[in-house]
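For reference, the structure discussed in these notes is given below.
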């Protein structure tokens, strides 16, 4: 039997369910517009009811009883995203909302959002020069925020379902062949970017992984680098955190890579000598890749420094991340299985590797075709 616990909240002891009734007002035909949700847990039921009442109060106090998009995005970001997402993700959402969504659509009431408005918004972003993939991020943000609004009873349906976002475009990656990598390694020897360049080229590390790598994660005896921390920046503030996925935490053996063995041994000796001569204030956290002053790299600054070095030395244009692509390219050209390449890169699945490096594996497919054709021709 269902018994009332308090207004809009009841409990059925036979079904062991809690019922939350959400009243939206009256329909045009005079009937009540309401929704009933069920919960197994009292805490979940009460938190849902509390949030509904809070949002309904907001709805009744702004703009003739309707929440505008700017207000909802503020609530959604604070209550739904900030507690559950990485700071880097939150920062990216904040920028999209502050710089684009609020100026363009912030004053629109949620129930009055139209597919045509969003379609025009996407088109204008593209006209301003934003990439297809960036505009797709705006679409994902809006879709997620409006889905939450539907669940909270502020909307009947999500209008982003009727909008066509820009098609996803796979970026074209520049990468070096082995001869070009050897040339770059030779040119950067002894410079402050040498550790980063070789960690990317020999091990396929990401920029954030290079910047976050510390000596406690390098086993010089076993010749193993363990990736378990990344260093990145959020709004000008540097943060260290675990990699974004479990698969990104990995161990990479460099036994037999004499160039990298010598480099890491020398760098570790220099770090220990610096600690003795300059005190514990010299690179106290023990970063492997540091500036000439012994400071940890700003990830963006490191990327710019590598790009500048490449340009100054008249080498083919490539980014630090492009050296990671070069690692995958060389591995693929030597017929390393995609599963193994995927694990080394820290991808969560081979489908990601295949999608990102589709141009490389297309070449492999061509090799397979040639082998089969040659076999058929030989037997003919």
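Residue numbers (this note's numbering): 721 to 1100. No residue lacks a Cβ here, since even glycine has one placed at the ideal position from N, Cα and C. Quick caveat, the model's predicted, so the values are computed rather than measured.
Work out the CA separation of residue j and residue i for me, nearest whole Å.
i            : j            : result
residue 811  : residue 954  : 7 Å
residue 1051 : residue 1039 : 19 Å
residue 901  : residue 984  : 18 Å
residue 893  : residue 928  : 18 Å
residue 1036 : residue 795  : 47 Å
residue 979  : residue 919  : 11 Å
residue 733  : residue 722  : 7 Å
residue 1096 : residue 1053 : 24 Å
residue 883  : residue 844  : 14 Å
residue 949  : residue 1072 : 21 Å
residue 771  : residue 815  : 26 Å
residue 952  : residue 1023 : 12 Å
residue 910  : residue 1034 : 18 Å
residue 805  : residue 765  : 23 Å
residue 926  : residue 847  : 32 Å
residue 830  : residue 751  : 23 Å
residue 897  : residue 921  : 11 Å
residue 1077 : residue 965  : 19 Å
residue 755  : residue 813  : 31 Å
residue 981  : residue 906  : 15 Å
residue 832  : residue 961  : 41 Å
residue 996  : residue 1032 : 35 Å
residue 776  : residue 836  : 27 Å
residue 735  : residue 1056 : 57 Å
Going by C-alpha to C-alpha distance, which of the options sits closest to residue i?
i            : options             : result
residue 923  : 1057, 903, 831, 946 : 946
residue 872  : 757, 736, 998       : 757
residue 1059 : 846, 863, 1070      : 1070
residue 797  : 740, 869, 841, 762  : 869
residue 743  : 774, 723, 888, 735  : 774
residue 762  : 772, 793, 725, 747  : 725
residue 908  : 941, 752, 755, 1025 : 1025
residue 834  : 877, 804, 753, 957  : 877
residue 1019 : 1061, 993, 932, 974 : 932
residue 974  : 1000, 997, 755, 940 : 940
residue 767  : 792, 799, 836       : 799
residue 956  : 817, 764, 906, 1021 : 1021
residue 942  : 735, 977, 965       : 977
Whose C-beta lies closer than 6 Å to the C-beta of residue i among residues of the same chain, with five residues either side of it excluded?
i            : result
residue 895  : 1042, 1045, 1046, 1049
residue 822  : 790
residue 842  : 855
residue 819  : none
residue 917  : 908
residue 963  : 950, 969
residue 1062 : 1070, 1073
residue 828  : 789
Going along the chain, which residues of its own chain have a beta-carbon closer than 7 Å to the beta-carbon of residue i, five neighbours each way excluded?
i            : result
residue 991  : 935, 1003, 1006
residue 1011 : 912, 1017
residue 880  : 838, 859, 862, 863, 866
residue 769  : 728, 729, 740
residue 887  : 852
residue 1027 : 1039
residue 817  : 793, 797
residue 1099 : In this predicted model, residue 1099 has a pLDDT of only 44, less than 50, meaning its place in the structure is not dependable enough to derive any value.
Under 8 Å Cβ to Cβ from residue i, same chain only, skipping five residues before and after it: list those, please.
i           : result
residue 987 : 915, 1008
residue 938 : 944, 945, 946, 984, 988, 1008
residue 737 : 731, 758, 759, 760
residue 749 : none
residue 802 : 810
residue 717 : One cannot answer for residue 717 here, as it falls past the ends of the chain, which runs 721 to 1100.
residue 824 : 841, 844
residue 889 : 851, 852, 853
Would you mind stating whether residue i and residue j have Cβ atoms separated by less than 8 Å?
i            : j            : result
residue 885  : residue 856  : yes
residue 959  : residue 807  : yes
residue 874  : residue 787  : yes
residue 970  : residue 1066 : yes
residue 967  : residue 1068 : yes
residue 1014 : residue 994  : yes
residue 972  : residue 899  : no
Examine chain D for any beta-carbon lying closer than 8 Å to the beta-carbon of residue i, and answer yes or no.
i           : result
residue 905 : Given the protein chain composition of this structure (a single chain), no chain D is represented.
Enumerated in chain order, which unbroken segments of the alpha helix (DSSP H) with a length of 4 residues or greater are wholly contained in the segment 982-1034? 1019-1032
At 4 residues or longer, and completely inside the segment 746-810: list those alpha helix (DSSP H) runs for me, N to C. 762-781, 789-796
Counting only runs that start and end within the segment 940-965, where is the beta strand (DSSP E) found for 3 or more residues in a row? 944-947, 950-954, 957-961
Which complete alpha helix (DSSP H) runs does the segment 886-945 hold, if anything under 4 residues is left out? 898-908, 914-923, 927-932
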